[in-house]
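Protein chains in written order, with the numbering used here: chain X, 1 to 413; chain P, 414 to 1564. In what follows, a single structure is set out as structure tokens and then discussed.
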């Protein structure tokens, strides 16, 4: 019996010792990337390309919300907060202000953080990865400036639109400098150069610095196109064209009558015969983006041409580039020739052509803010909204409370 | 040992339903002998031989010698140890050897054992040993198996007593009945324990018991029943008409609790409240289909929130309010000392805000009792994570009843009524709708402006009468050194919504083996196989209620045969299309546990427990391929997603307990407990999906042709705790406890911190203090005061402290996906600390009017410090997830009251009532770096956590229809009930009829009736509710009331425009309610009748209903539902199916 008791006792003591001393508290989770195991500066291409992909993804999301706000899309969603947004009846507390902000900010932050990591490295002055993140950061900041009433970069203080555009200009200039240093023998450097100059011109134009806008845009090849690449991969739907998924597969995004009535091949849509999600609007779906793999046009020589035309027209009253462009674009749209007119009429026609050419490319809101009188298809404040109530008087999207409340640089109530 | 193996095999066969086992060998057969019921020894037993002895005035030794000769049996004994002065008579010519031995040994301390071909006279247990053994073994509740019969003293009180070991396999019995002393009503479920042995049993439905395996002429029986004073009575072995009367007491200080305490486990010694629920008693009154059903309204401070009325959907258990802001507020759940997974059961397939209950795998019929530790004051033994309380589920066990098998068969049928009618949809016909060519079926031919209504759910018979069929079988048995419990249950339930069902099969085998006088092994395993199908609901766009809640009668179409179709949110939707969607979760769960108890000396016990909770889930979401445009473009090609989730939790714990008594009359006692606990949680999942099926029958992911996806996940956490506790006692009435625990947790990553969790407590039974006793008013029969303080901790996810990157594959300009991309993930927080819960509680237990009225009053003050939140970073910071941070402090204070009263105790009428009430006052003490207003909820010091705070309506311009709201958000009301109360009553008529009813209520809290807000107003021109479509005149509303629903605009006091939703105040509604939750009538078959129909142990029949009435001012379907994600701080009602009403019948037979 004593022997048995001794055995039991030893078992217990051993188990207790195992319990206390033998328990390894370390946990390894293969489902996370521990920062300790990744060196961002040692893999510049990964960091730079990842940040660029964030911009491409952001572009589609922002384009949808921008379209709601500027009337390129009507919202057929049942959700009233979305209707508020489409009615431009929003404050920083409005719930559907956040999605648009949340769309663009990761693109800015990813490229800005990449700049922080890469720009100080040796050889940065001729590093294509550095040029790329400067360019994409500039484009993302530019989009923020055109869409929102204020801006924020990397949880910093609120910036005025002017400051936001200036910030974009600085990035574009950096990208231009590096791409130029790399030289025209590098196709990627050429792409960055064209994109950055277009972005730079766009920022100048938004600031109404028509001289710099025209001269910078003139540097861009008219045939140049920088597309945001999208793919059809079910496992990575976030890398697909979300205007296709929302506007073609869903039932809450509606092509409005003004665009349907154009009969312009640049504004393709389909008639479904269905009701939208809200049960009110008839559902007309966009057909500009026809698959998950349809690319977004972010920057193009065509846009540079438009910038030159608008800058010359508004800068020194030169109608010639505008009329030339209008003639070409009306032909592309199967429209009869434009008869010309006053500068205001030419500008209105130019903006109308922009609206058609760049439909659903996140530019219409910037156009409207820049030239409110000349930009068509935007519901006027106080007029009847297509679903209920009247249009509000917001001309830009406020920074949402989610940012204001969590950003220490904003004053708290 | 052979018997033990045989019993396990028999139980296994029973579980598998293969065959009925034969009675264990050695069990006596009841025969009539000279008008008495007694046990006839089995064939071949020496004890059955004729004694052939006749002796007078002989010493015991002489008598035994003569008996040996007369019966021709070898009788071994030690003459020197037998009493010399005792003279015995035995006219035993015609008696059996057993009867003769009983008579000879009457009045001695000796019994006998049949060993092979001889009888051995052995000494029974020494009194001292017995007394020490009466004290239950010390154990760490988190690491132990429960006492065999759960409530009160255990049948396993005397593991170390060798006398029990020496019990012969064949012996006489005691038959008797346990009744209420005042009314004579039989008491079922009472424990009858032979003092100093492991022998014992439970009384049956008729209050009767039978004990075999006895050797002595007389024994002492302890009869234990929750709510009654324990009785010890000396009984003659062989007596067949023993009547034991128990006196009800509303205060039972001698009851044993096993949860939350080590050392002395008597309730009198506990400084903090450990609430107990007698599951067996509740189940005897009313059928309960889930563990949460056992908790509803039973214990003050334990709040249950029903997620939805769907069969199989989860509920939310909250104890003493929320203990954490962001971390889980689920109490820890242990089954027989082993921690199991609880709360929401994670699975990939979304069913719109619903989830499967993590406790649904437990069969209530297997549960003996549930003990609840409400917070840190008593939960120190559980360490990290115990802030939100601990629930210990104790399953049934077999006691060593002396070769006995009791089988119970229960069958139930439930009729389930949906108990609600979905609201109609309204539409006012327009000109185009009423034209003869109009396709708007309901308006065609009507006048412009006519209002039409539709209810697609009713029109298409979405709801049905559900039903549940329940079958439970259990067997409780024992041999001389083992006991077992085995069960098998089936719960086959069909919900009120189509495609909603539950099929649960459970089994359990618990086994106790006294391997050695000093060593006991408790082992058990629970097995559950569940198949739950949840209907699409709540916020799913393909949900039943949301599919029609957003719909318009305008879209109703008329087919050629006059059938109406449409009227749903999306074209193509119908009851048929929704019910064709399959959301199925098939799970297999194993919960094995084993406890080794080693008691080298009576004052030193060691418990080593190992256990596991293994859960494997296979979740499938399937949208059938169709050409009827039922779903989206992609889903119409057929969609399937499947997920395999595996969750394993291992635990290993040790508890040692030393108890010594000293001083004059041993009035001082000291319990020293120590031990350790290690828990390792591992979870992983693999999921895959795709679209484009060829046929619906071939619906594996491998058969999809497009949109193939695949993913996996992994998580692990570990925790280790070491504790020590000292409890000092004086005179069995004053106890002081000190405890300390040291914890480590893997959540704090590489630099795992160690934190200390102390607790202290005082318990004083004032009414037993001689100097005070005389000073108490005579109406006070019992008075105990208690005070406790303790701390716990709660840790975040296992890698919360780490800085991480997120996977973010990048694309090249050529569109090539490169998988190696990254984006900033979580910045991490190396300074992260555990949440700390501290609690001070105090109160008293008082028995009044000879303990007919018992009151338990407790005040608690629970503080959660270093609250952990995933502190939201501004999105502009660029991280994809926010770091966990310690941001503040929160308190929960309140009172808890339990009262039990025995109002009437007459021969044919017994009336008992019980009341429980609690208050809860939650407040944030301090908070940093958190949005003070987030989604119309307040996170501010001095305000209840997540209280509704919104822009309040200041004025309504009844001319312009403009609403003015406050510039800033203001407090409107809280989300947690500030008061809860429950009342139950049991009336027993003519001893065999029992009427039971329970009502409960929650008060002073608000639910956001978001569904109504949407239908009335937020849909704008497509609003479809009565208030949304009818005019002010038709509704009969004043301009003021009308514009509150339909403002022409909303402005802040500063003049800023705002959306209509900013004037949503009226939809945050008072959700106070009172519900008649249960009513049942049970008829117990009288013992005379059960014997006549040969139902040896009795039977009962119950009928009743649940959720029979609801009183509330709330506007939605039901104020209790939680129509959003489980356990969130956003209590909204968004098209959620309310709890159904049930009517049931149940038959229970014991044999």
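Backbone N, C-alpha and C define an ideal beta-carbon position, used for all residues, glycine too. Bear in mind that the values here come from a model prediction, so they are computed numbers and not experimental data.
Discussion item. So residue 74 of chain X and residue 100 of chain X are supposed to be a Cβ contact under 8 Å. How far apart are they, rounded?
Written reply: Counting from one through the first chain, the residue named residue 74 of chain X turns up at place 74. Counting from one through the first chain, the residue named residue 100 of chain X turns up at place 100. Contact doesn't hold; Cβ gap of about 16 Å is too wide.
Worksheet entry | Residue ranges of each alpha helix (DSSP H) within the stretch 1445-1487 of chain P, 4 or longer | 1445-1448 and 1452-1458
Item to complete: May I have the straight-line CA-CA distance separating residue 1357 of chain P from residue 1245 of chain P, to the nearest angstrom?
Response: The residue given as residue 1357 of chain P occupies position 944 in the second chain. The residue given as residue 1245 of chain P occupies position 832 in the second chain. Taking the straight line from one Cα to the other gives about 25 Å.
Worksheet item: Does residue 127 of chain X get closer than 8 Å to chain P when you measure Cβ to Cβ?
Response: Counted from its first residue, the first chain places residue 127 of chain X at position 127. Not closer than 8 Å to any Cβ of chain P, the Cβ of residue 127 of chain X fails to qualify, so no.
Item to complete: Take residue 231 of chain X and list the residues in its own chain whose beta-carbon comes closer than 6 Å to its own, dropping the five residues that flank it on each side.
Response: The residue you call residue 231 of chain X lines up with position 231 of the first chain. Answer for residue 231 of chain X: 239 and 293, listed in chain order.
Discussion item. I'd like the ranges of any alpha helix (DSSP H) spanning at least 4 consecutive residues and lying wholly in the stretch 672-705 of chain P.
Written reply: 692-698
Discussion item. For residue 516 of chain P, report the span of its alpha helix (DSSP H) as first-last.
Written reply: Along the second chain, read from residue 1 onward, the residue named residue 516 of chain P stands at position 103. From DSSP, the alpha helix (DSSP H) with residue 516 of chain P extends over 510-518.
Practice prompt. Kindly list, in the order they appear in chain X, the residues whose Cβ is closer than 7 Å to that of residue 1220 of chain P.
Written response: In the second chain, counting from the first residue as 1, residue 1220 of chain P sits at position 807. Neighbours of residue 1220 of chain P on chain X, chain order: 33.
Worksheet entry | Three-state secondary structure assigned by DSSP to residue 599 of chain P | Stepping through the second chain from its first residue, residue 599 of chain P is reached at position 186. Of the three classes helix, strand and coil, the one that applies to residue 599 of chain P here is strand, per DSSP.
Practice prompt. Just mark residue 546 of chain P as buried or exposed, buried being the case when its beta carbon has 16 or more other beta carbons within 10 Å.
Written response: Residue mapping note: residue 546 of chain P aligns to position 133 of the second chain, counting from 1. Residue placement at residue 546 of chain P cannot be trusted, given a pLDDT of 35 that sits under 50; what the coordinates show is reported in the next sentence. Flag for residue 546 of chain P reads buried.
Worksheet item: Mind checking residue 1403 of chain P: buried by the 16 CB within 10 Å criterion, or exposed?
Response: The residue labelled residue 1403 of chain P in the question sits at position 990 within the second chain. Exposed, by the Cβ-count rule.
Worksheet item: Can the beta-carbon of residue 1001 of chain P be found less than 8 Å from the beta-carbon of residue 942 of chain P?
Response: The count along the second chain starts at 1 and reaches residue 1001 of chain P at position 588. The count along the second chain starts at 1 and reaches residue 942 of chain P at position 529. Yes, the Cβ-Cβ distance between residue 1001 of chain P and residue 942 of chain P is below 8 Å.
Discussion item. Check whether chain X comes within 8 Å of residue 1313 of chain P, counting only Cβ atoms and requiring the distance to be less than that.
Written reply: Stepping through the second chain from its first residue, residue 1313 of chain P is reached at position 900. It does not: the Cβ of residue 1313 of chain P has no partner Cβ on chain X nearer than 8 Å.
Fill in: Cβ shell of residue 351 of chain X (< 7 Å), same chain only, five flanking positions each side left out
Indexing the first chain from 1 puts residue 351 of chain X at position 351. So the qualifying residues of the chain are 367, 371, 374, 375 and 376.
Worksheet item: Closer than 8 Å, Cβ to any Cβ of chain X: which residues of the stretch 1232-1243 of chain P, in chain order?
Response: 1233, 1234, 1235, 1236, 1237, 1238 and 1241
Discussion item. For a contact defined as C-beta to C-beta under 9 Å, what are the partners of residue 1549 of chain P on chain X?
Written reply: Translated into the one-based positions of the second chain, residue 1549 of chain P becomes position 1136. Neighbours of residue 1549 of chain P on chain X: none; closest Cβ ~18 Å, over 9 Å.
Fill in: Segments of 4+ residues assigned as alpha helix (DSSP H) that fall wholly inside the stretch 1018-1069 of chain P
none
Worksheet item: Span of the alpha helix (DSSP H) holding residue 1440 of chain P?
Response: For the purposes of this step, residue 1440 of chain P is taken as residue 1027 along the second chain, with counting starting at 1. It spans 1439-1442 - the alpha helix (DSSP H) in which residue 1440 of chain P sits, taken as one unbroken run.
Discussion item. Within the continuous beta strand (DSSP E) that includes residue 133 of chain X, where are the two ends?
Written reply: If you number the first chain from 1, residue 133 of chain X lands on position 133. Careful: residue 133 of chain X lies outside any beta strand (DSSP E), inside the alpha helix (DSSP H) at 128-147.
Item to complete: Below 9 Å between beta carbons is the criterion; list the residues of the stretch 1100-1120 of chain P that meet it against any residue of chain X, in chain order.
Response: 1102, 1103, 1104, 1119 and 1120
Worksheet item: Given a threshold of 16 other Cβ atoms within 10 Å of its Cβ, counted over all protein chains shown, does residue 116 of chain X qualify as buried or as exposed?
Response: Position 116 of the first chain, counting from 1, holds the residue named residue 116 of chain X. Per the 10 Å Cβ criterion, exposed.
Fill in: chain P contact residues for residue 154 of chain X, given Cβ-Cβ distances below 7 Å
As a position in the first chain, residue 154 of chain X is number 154, starting the count at 1. In chain order: 1289, 1290 and 1291.
Worksheet item: Taking any Cβ of chain X, which residues in the stretch 1430-1463 of chain P have a Cβ under 7 Å from it, in chain order?
Response: 1431, 1432, 1433, 1434 and 1435
Worksheet item: What did DSSP end up calling residue 1150 of chain P once you bin it into helix, strand or coil?
Response: Locating residue 1150 of chain P in the second chain gives position 737, where the first residue counts as 1. Three-state DSSP puts residue 1150 of chain P in a strand.
Worksheet item: Hey, is residue 1126 of chain P's beta-carbon within less than 8 Å of any beta-carbon in chain X?
Response: Position 713 of the second chain holds residue 1126 of chain P. It does: the Cβ of residue 1126 of chain P has a partner Cβ on chain X nearer than 8 Å.
Item to complete: Could you check what DSSP says for residue 1303 of chain P in three-state terms: helix, strand or coil?
Response: Position 890 of the second chain, counted from the start, is the residue given in the question as residue 1303 of chain P. Looking at residue 1303 of chain P - three-state DSSP - the assignment turns out to be strand.
Worksheet item: What number of angstroms, rounded off, separates the C-alpha of residue 573 of chain P from the C-alpha of residue 1557 of chain P?
Response: For the purposes of this step, residue 573 of chain P is identified with residue 160 of the second chain, where counting begins at 1. For the purposes of this step, residue 1557 of chain P is identified with residue 1144 of the second chain, where counting begins at 1. Summary for residue 573 of chain P: the model assigns pLDDT 27, below 50, so the residue's position carries little reliability, and this model does not support an answer.
Worksheet item: Apart from the five residues just before and just after residue 1060 of chain P, which ones in its own chain have a Cβ nearer than 6 Å to its Cβ?
Response: For the purposes of this step, residue 1060 of chain P is identified with residue 647 of the second chain, where counting begins at 1. So the qualifying residues of the chain are 754, 1028 and 1096.
Worksheet entry | Candidates X:59, X:338, X:77 and X:68: closest to residue 982 of chain P by CA position | Within the second chain, numbered from 1, the residue matching residue 982 of chain P stands at position 569. Here the closest residue by C-alpha is X:77.
Practice prompt. Measure the C-alpha to C-alpha separation of residue 583 of chain P and residue 627 of chain P and round it to an integer number of angstroms.
Written response: Residue mapping note: residue 583 of chain P aligns to position 170 of the second chain, counting from 1. Residue mapping note: residue 627 of chain P aligns to position 214 of the second chain, counting from 1. Its pLDDT being 42, under 50, residue 583 of chain P is placed unreliably in this model, and the value from its coordinates should be taken loosely. Residue 583 of chain P and residue 627 of chain P: Cα-Cα distance of roughly 8 Å.
Discussion item. Just to make sure I have the definition right: I need the residues of chain X whose C-beta is within less than 9 Å of the C-beta of residue 1247 of chain P. Which are they?
Written reply: Counting from 1 along the second chain, the entry for residue 1247 of chain P is found at position 834. What residue 1247 of chain P touches in chain X: nothing, since even the nearest Cβ is about 14 Å away.
Discussion item. Just to confirm my understanding: we take residue 724 of chain P, look at its own chain, exclude 5 residues before and 5 after, and list those with CB closer than 6 Å. What are they?
Written reply: Translated into positions along the second chain, residue 724 of chain P becomes position 311. 906, 908, 913 and 915.
Discussion item. So, with DSSP's three-state summary, where would you put residue 182 of chain X?
Written reply: Working through the first chain from its first residue, we reach residue 182 of chain X at position 182. In this structure, residue 182 of chain X counts as helix in the three-state DSSP scheme.
Worksheet item: Which class does residue 1262 of chain P belong to by DSSP, given the choice of helix, strand or coil?
Response: Numbered from its first residue, the second chain carries residue 1262 of chain P at position 849. If DSSP states are grouped into helix, strand and coil, residue 1262 of chain P belongs with coil.
Worksheet item: For residue 1384 of chain P and chain X, any beta-carbon pair shorter than 8 Å?
Response: Here residue 1384 of chain P refers to the residue found at position 971 when the second chain is read from its first residue. For residue 1384 of chain P, the answer is no, since every Cβ of chain X falls outside 8 Å of its Cβ.
Worksheet entry | CA-to-CA distance, residue 165 of chain X to residue 870 of chain P, given in whole angstroms | As a first step, residue 870 of chain P is located in the second chain; it is residue number 457 there, counting from the start. As a first step, residue 165 of chain X is located in the first chain; it is residue number 165 there, counting from the start. Taking the straight line from one Cα to the other gives about 54 Å.
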